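Heads up, the thing below is written out as structure tokens.
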Amino acid sequence: MCGVATRKNISIRDDQAEWIQENHLSLSSFVQEKLDDLIEERS
């Protein structure tokens, strides 16, 4: 799925931010994939 990206701000706990950094996770990609999964499930 391609298109124009919209920037959104989210709040996460400090422990979550630390885990994301330690595991080199792209939070943006992670959220996009999870949203795509939910959208597909509910379609």
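My numbering numbers the first residue of the sequence shown as 1 and each following residue consecutively.
C-beta: ideal position from N, C-alpha, C; glycine also.
Bear in mind the structure is a predicted one, so any value in this text is a computation, not a measurement.
Using the Cα positions of residue i and residue j, report the straight-line distance between them to the nearest angstrom.
i, j, result
"T6", "I12", "19 Å"
"H24", "Q16", "12 Å"
"K34", "V4", "18 Å"
"K8", "E40", "21 Å"
Please classify residue i: does DSSP put it in a helix, a strand, or coil?
i, result
"A17", "helix"
"K34", "helix"
"I12", "coil"
Please report the residue range of the alpha helix (DSSP H) in which residue i lies.
i, result
"L25", "Here L25 belongs to no alpha helix (DSSP H), and DSSP marks it neither H nor E."
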